[in-house]
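Residue numbers (the working numbering): 17 to 300.
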């Protein structure tokens with residue numbers, strides 16, 4: 017049982033690409049990050065080179081686990097057995113810089129954290145976010161819909177997107193390493209940001225990621241606090257979901273914070289069904 021580690025995106029996709037695509041929901045984050053790296057270059061997430069790895073239970077056997085990291089962000093685990101999560105801690109222990117966190121499917125991430133604690137003597141991992149992955153079953157738009165209509169964000173919305181991306185990251189506790197201006201420019205160019213507009217002003221936002229391996233992931237979803245509980249988020253998520261389906265997505269996915277019962281209930285009313293739970297952990 018062994019991990020193979022590399023800094024080559026091409027090698028990672030050649031060795032693990034079929035496994036990634038065979039599990040598009042559970043590997044959604046890795047698929048979209050790898051796609052972004054391929055299209056925009058290895059420094060799109062930071063100046064340090066990305067890192068990749070795949071797990072084989074036997075030297076010549078099939079790949080059954082994957083991970084990647086785009087520093088300064090912590091490693092992200094894809095589909096893998098629990099023992100592979102623990103073994104990855106051993107594989108990364110001698111590498112520098114040491115990871116300050118881990119995220120991904122819950123059993124594997126917890127196994128990694130437990131083994132990391134044993135190797136380093138670190139205190140127990142701290143839970144930053146408890147998440148749930150949902151997959152769209154059958155889209156059921158809100159009825160009645162709230163006042164207003166959906167539109168695609170354009171260049172004139174750039175400052176709004178920067179402000180709302182930042183507010184979203186702060187609210188859910190995401191480290192803001194990304195250049196929010198570049199992120200807004202990219203989403204505008206791709207036509208991926210959807211705004212619900214009421215009375216001539218934007219009131220809610222939902223992104224729809226590119227279709228990769230037949231899947232698209234919705235997010236971020238943000239409504240300013242003073243405009244919540246009016247149905248805007250449900251309407252714009254439904255519109256973004258419909259956009260993803262029209263773009264060819266066979267699977268439309270999204271993550272929720274389990275600490276937010278309102279959003280979890282909302283997405284289920286729209287037709288989303290649970291797939292698996294994941295965690296974001298700090299290792300210090």
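All C-beta atoms, glycine included, are put in the ideal place defined by N, C-alpha and C. None of the values given here were measured: they were computed from a predicted structure.
Contact under 8 Å by Cβ, residue i with residue j
i	j	result
residue 294	residue 141	no
residue 46	residue 147	no
residue 221	residue 211	yes
residue 181	residue 236	yes
residue 267	residue 42	no
residue 18	residue 72	yes
residue 128	residue 82	no
residue 246	residue 157	no
residue 227	residue 263	yes
residue 124	residue 93	yes
residue 2	residue 173	Here the chain comprises residues numbered 17 to 300, so residue 2 is not present and cannot be evaluated.
residue 254	residue 155	yes
Per DSSP, cross-strand counterpart(s) of residue i
i	result
residue 199	Looking at the DSSP assignment, residue 199 forms no beta bridge with any residue, so it has no partner.
residue 224	234
residue 272	148
residue 31	Per DSSP, none; premise fails for residue 31.
residue 288	152
residue 211	167 and 221
residue 191	Residue 191 pairs with nothing; no bridge assigned.
residue 298	117 and 142
residue 20	70
residue 206	In DSSP, residue 206 forms no bridge with anything.
residue 293	148
Alpha carbon of residue i to alpha carbon of residue j, nearest angstrom
i	j	result
residue 190	residue 79	30 Å
residue 48	residue 285	26 Å
residue 132	residue 280	31 Å
residue 238	residue 170	17 Å
residue 149	residue 104	23 Å
residue 224	residue 257	7 Å
residue 44	residue 65	21 Å
residue 165	residue 95	38 Å
residue 51	residue 261	19 Å
residue 15	residue 110	It is not possible to answer for residue 15, since the shown part of the chain is limited to 17 through 300.
residue 28	residue 214	45 Å
residue 107	residue 84	13 Å
residue 265	residue 137	44 Å
residue 219	residue 99	45 Å
residue 241	residue 250	15 Å
residue 75	residue 40	24 Å
residue 252	residue 232	16 Å
residue 151	residue 58	29 Å
Burial state of residue i, where buried means 16 or more other Cβ atoms lie within 10 Å
i	result
residue 259	buried
residue 289	exposed
residue 91	buried
#### Entry: Ranges of the beta strand (DSSP E) found wholly within the region 116-180, counting only runs of at least 3
For the region 116-180, whole beta strand (DSSP E) runs of length 3 or above, ordered along the chain, are 117-121, 142-152 and 165-168.
### Task
List in chain order: all unbroken beta strand (DSSP E) runs of 3+ residues lying wholly within the region 55-129.
Listed in chain order, they are 67-72, 81-85 and 117-121.
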